[in-house]
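Engineer:
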Amino acid sequence: MEAFLANLWTQLTGAGLKLIYALVVLIVGLKLVGWLCKWFRRSPRFEKLDPSLKTFLGSALSIALRIIVIVSAALVMGIPSASFVAILTSAGVAIGLALQGSLSNLAGGLMILFFKPFKVGDFVETSGGTGVVREIGVFYTMLAAPDGRHITIPNGALTNNTITNFTEEPLRGMDCKFNVAYTSDSEQVKAVLLAAAEANPVVVADPAPVVWMSAHGNSALEYTLRVNCRTEDYLTLLTTINDQVKSALDQAGIEIPYQQVDVHMK
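To convert, note that position 232 of the sequence shown is 218 in our numbering; the numbers rise steadily by one, no gaps.
Below is the structure:
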């Protein structure tokens, strides 16, 4: 019995020491991982990278280093490497089946990083929402909506749906439609609309604004005014062009009719 107790004490002491060593490796390793990730993000070479690539690499590096620390702690505890590899393989298969959606998001993040349909700072429209891209992570992409909402979209959903990038091109066009009375002179209406567009400071001269009669409506003639501006000035143009055209039509005495119906009685 004394020999058994002595042997048990020795085994418990050895297991306890291994556990303590593993905890030290785990704690110190995670601290070092945090320090290395911060150093990596602040390094001059990292700062020169594309913002989209920076967020993705930062997340991937943090996950990879933490996995290495956990594996090292397990080996310090005395788990045989062959057994550990077998456990990891089995766990990997089970986790892969359970996390098919997450793996799809990971693959989607890699595709976004490689094909670059958008980057950090772009204004995009997706099936999950519309907003400015704030961060492209390993599994999710974060958007800031114009109304202040924070939208998180899985990368897998992004790569499997249509993405509209409004800031990829330097110029952005806008078609504005206006109704005038049937009694209005067509050439005068076109001249007034073009003058209003050219007076807007954010409208570019090349390509020049164009206007045409686009429809004969039930109560009015419809004209379409096509203008272009720099992408960053689009919101300004959107909020000013209609007011300018309304004022120009009023000054020219061109009627903007109400919807009406002529009734003939027999």
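We put the CB at the ideal spot given by N, CA and C, even for glycine.
All figures in this text were calculated on a predicted structure; none of them were measured in a lab.
Can you tell me whether DSSP reads Tyr209 as helix, strand or coil?
Structural biologist: As a first step, residue 209 must be located in the sequence shown, where it is residue number 223. Strand.
Engineer: For Gln220, which of helix, strand or coil comes out of DSSP?
Structural biologist: Position 234 of the sequence shown holds residue 220. Looking at the sequence shown, residue 220 is not Gln but Tyr. It is helical.
Engineer: Below 7 Å between beta carbons: does that hold for Gly203 and Asn141?
Structural biologist: For the purposes of this step, residue 203 is taken as the residue at position 217 of the sequence shown. For the purposes of this step, residue 141 is taken as the residue at position 155 of the sequence shown. No. Outside cutoff.
Engineer: List the endpoints of the continuous beta strand (DSSP E) containing Thr127.
Structural biologist: For the purposes of this step, residue 127 is identified with residue 141 of the sequence shown, where counting begins at 1. Start and end: 126 to 130.
Engineer: From which residue to which residue does the beta strand (DSSP E) around Val119 run?
Structural biologist: Working through the sequence shown from its first residue, we reach residue 119 at position 133. Element bounds for Val119: 115 to 122.
Engineer: Okay, do the stretch 155 to 172 and the stretch 204 to 214 touch, 3+ Cβ pairs below 8 Å being the bar?
Structural biologist: Judged by Cβ distances under 8 Å, the stretch 155 to 172 makes contact with the stretch 204 to 214, as three or more pairs qualify.
Engineer: Once DSSP output is grouped into helix, strand and coil, what is the label at Asn214?
Structural biologist: Residue mapping note: residue 214 aligns to position 228 of the sequence shown, counting from 1. Three-state DSSP puts Asn214 in a strand.
Engineer: For the beta strand (DSSP E) containing Lys163, name the first residue and the last one.
Structural biologist: What you label residue 163 is simply residue 177 of the sequence shown in a count that begins at 1. 157 to 166 is the extent of the beta strand (DSSP E) around Lys163.
Engineer: Mind checking Asp108: buried by the 16 CB within 10 Å criterion, or exposed?
Structural biologist: Taking the first residue of the sequence shown as position 1, residue 108 is located at position 122. Looking at its Cβ environment, which holds 16 or more other Cβ atoms inside 10 Å, Asp108 is buried.
Engineer: Using 8 Å as the cut-off, can you tell me whether the stretch 167 to 175 makes contact with the stretch 128 to 143, which would need three or more C-beta pairs spanning the two stretches below that distance?
Structural biologist: no
Engineer: CA-CA distance, Met128 and Leu47?
Structural biologist: Start at 1 with the first residue of the sequence shown, and residue 128 comes out as number 142. Start at 1 with the first residue of the sequence shown, and residue 47 comes out as number 61. Distance between the alpha carbons of Met128 and Leu47 is about 19 Å.
Engineer: Which of the three DSSP states, helix, strand or coil, is assigned to Asn147?
Structural biologist: Here residue 147 corresponds to residue number 161 of the sequence shown, with the count starting at 1. Reduced to three states, the DSSP call for Asn147 is coil.
Engineer: Would you call the stretch 240 to 247 in contact with the stretch 184 to 201, where contact means no fewer than 3 C-beta pairs closer than 8 Å?
Structural biologist: no
Engineer: On the three-state DSSP scale, how would you describe Val188?
Structural biologist: Counting from one through the sequence shown, the residue named residue 188 turns up at place 202. Coil, per DSSP.
Engineer: Taking the beta carbon of Tyr168 as the centre, do at least 16 other beta carbons fall within 10 Å, making it buried, or is it exposed?
Structural biologist: Translated into positions along the sequence shown, residue 168 becomes position 182. When all chains shown are included, Tyr168 counts as exposed.
Engineer: By a C-beta neighbour count over all protein chains shown, 10 Å radius and 16 as the cutoff for buried, is Gly117 buried or exposed?
Structural biologist: Here residue 117 corresponds to residue number 131 of the sequence shown, with the count starting at 1. The residue is buried, with at least 16 neighbouring Cβ atoms inside 10 Å.
Engineer: Taking the alpha-carbon positions, what's the Val178 to Leu89 distance?
Structural biologist: Position 192 of the sequence shown holds residue 178. Position 103 of the sequence shown holds residue 89. Cα to Cα, Val178 sits roughly 57 Å from Leu89.
Engineer: For the beta strand (DSSP E) holding Phe109, just list the boundary residues, first then last.
Structural biologist: Position 123 of the sequence shown, counted from the first residue, corresponds to residue 109. Segment 109 to 112, the beta strand (DSSP E) holding Phe109.
Engineer: Using 7 Å as the threshold, is the C-beta distance between Ala182 and Gln237 below it?
Structural biologist: Taking the first residue of the sequence shown as 1, we reach residue 182 at position 196. Taking the first residue of the sequence shown as 1, we reach residue 237 at position 251. Taking 7 Å as the Cβ cut-off, Ala182 and Gln237 do not qualify as a contacting pair.
Engineer: Does the Cβ of Phe101 have 16 or more other Cβ atoms within 10 Å, making it buried, or fewer, making it exposed?
Structural biologist: Within the sequence shown, residue 101 is the residue found at index 115, counting from 1. The residue in question, Phe101, is exposed, as its Cβ has fewer than 16 Cβ neighbours within 10 Å.
Engineer: Report yes if the CB atom of Thr145 is closer than 7 Å to the CB atom of Glu111, and no otherwise.
Structural biologist: As a first step, residue 145 is located in the sequence shown; it is residue number 159 there, counting from the start. As a first step, residue 111 is located in the sequence shown; it is residue number 125 there, counting from the start. Not closer than 7 Å, so no.
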